[in-house]
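Participant: Numbering (the numbering used here), first residue to last: -13 to 144.
#1: Cα separation between residue 104 and residue 42?
#2: With DSSP collapsed to three states, give me the class of residue 116.
#3: For residue 141, which of 10, 47, 82, 75 has the nearest alpha-carbon?
#4: Using alpha carbons as the reference points, say which of 106, 39, 35, 114 lies closest to residue 73.
#5: Considering only C-alpha positions, which residue in the set 50, 29, 34 is nearest to residue 40?
#6: Can residue 57 be considered in contact with the ligand ZN, in the sense that its beta carbon sits closer than 7 Å to one or more heavy atoms?
#7: With DSSP as the reference, please indicate the residues paired to residue 140 in a beta bridge.
#8: Got a sec, what are the start and stop residues for the alpha helix (DSSP H) residue 63 sits in?
#9: Between which two residues does the beta strand (DSSP E) holding residue 106 run?
#10: Would you please state the rounded distance, in angstroms, between the beta carbons of residue 60 and residue 96? I believe it to be under 8 Å.
#11: Determine the contact status of residue 24 and residue 13, defining contact as a CB-CB distance below 8 Å.
#12: Keeping to the same chain, check which residues put their C-beta closer than 7 Å to that of residue 6; ignore five residues upstream and five downstream.
#13: If you run the structure through DSSP and keep just helix, strand and coil, what is residue 26?
#14: Taking residue 57 as part of the beta strand (DSSP E), name the residues at either end of that continuous run.
#15: So who's on the other strand from residue 85, going by DSSP bridges?
#16: Terminal residues of the continuous beta strand (DSSP E) containing residue 39?
Shown next as structure tokens:
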């Protein structure tokens, strides 16, 4: 390689690497009864979980009548990693229940329709969680921690 091309190549590589971290975080779409809302994450970190940002205003608010399914679509940037949905709802007797879907393997699923167990159940929240680095053992509890890289939140209302 000539001496004149090497500095140009280095400058090009540096520009490409600088642009890698400047991309906007991915967006997730929540759909209820034909109403669709697309939003960015309420929390999002780089791959090492060293640089994180939070945006509470990114929460999506949609009415979710009892027994109504919630369709959730994630982009390729999320579906290329393990992800799942954690959710809370009220049973007809008022008891709050917390649940979660199975963890979706990388590149296996781009959307999910969340249906609560009973037609009288009322959604409180649904949160897409994108996992980050590999799980690690928590030395204090002995349990396995699954680091979450990003979260996208739906707050249900009537």
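Note that the Cβ used here is the ideal one computed from N, Cα and C, for glycine as well.
Predicted model, so just to flag it, every value in this text is computed and none were measured.
Facilitator: If we stick to the structure as given:
#1: Stepping through the chain shown from its first residue, residue 104 is reached at position 118. Stepping through the chain shown from its first residue, residue 42 is reached at position 56. Cα-Cα distance, rounded: 30 Å.
#2: Counting from 1 along the chain shown, the entry for residue 116 is found at position 130. It is a strand residue.
#3: In the chain shown, counting from the first residue as 1, residue 141 sits at position 155. Its Cα nearest to that of residue 141, the residue 47 stands out among 10, 47, 82, 75.
#4: Walking along the chain shown from the start, residue 73 turns up at place 87. When each option's Cα is compared against that of residue 73, the closest is 114.
#5: Residue mapping note: residue 40 aligns to position 54 of the chain shown, counting from 1. Closest option to residue 40, Cα to Cα, is 29.
#6: As for the ligand ZN, it is missing from this structure, which has no ligand bound.
#7: Within the chain shown, numbered from 1, the residue matching residue 140 stands at position 154. Paired residues: 46, 112.
#8: Start at 1 with the first residue of the chain shown, and residue 63 comes out as number 77. Boundaries of the alpha helix (DSSP H) harbouring residue 63: 62 to 65, taken from the DSSP string.
#9: On the chain shown, position 120 is the one that residue 106 refers to. That residue, residue 106, is in no beta strand (DSSP E); it is neither H nor E in DSSP.
#10: Your numbering for residue 60 matches position 74 in the chain shown. Your numbering for residue 96 matches position 110 in the chain shown. 6 Å between Cβ atoms; contact.
#11: Mapped onto the chain shown, residue 24 falls at position 38. Mapped onto the chain shown, residue 13 falls at position 27. Cβ distance < 8 Å, so residue 24 and residue 13 count as in contact.
#12: Along the chain shown, read from residue 1 onward, the residue named residue 6 stands at position 20. Low confidence applies to residue 6: its pLDDT is 44, below 50, so where it sits in the model is not reliable, and the reading given next is rough at best. Closer than 7 Å at Cβ, skipping near neighbours: no residue.
#13: Here the question's residue 26 lines up with position 40 in the chain shown. Coil, per DSSP.
#14: Counting from 1 along the chain shown, the entry for residue 57 is found at position 71. That run of the beta strand (DSSP E) goes 56 to 59.
#15: As a working note, residue 85 is residue 99 in the chain shown. For residue 85, which the question treats as bridged, DSSP gives the partners 73.
#16: The residue given as residue 39 occupies position 53 in the chain shown. Its beta strand (DSSP E) spans residues 38 to 40.
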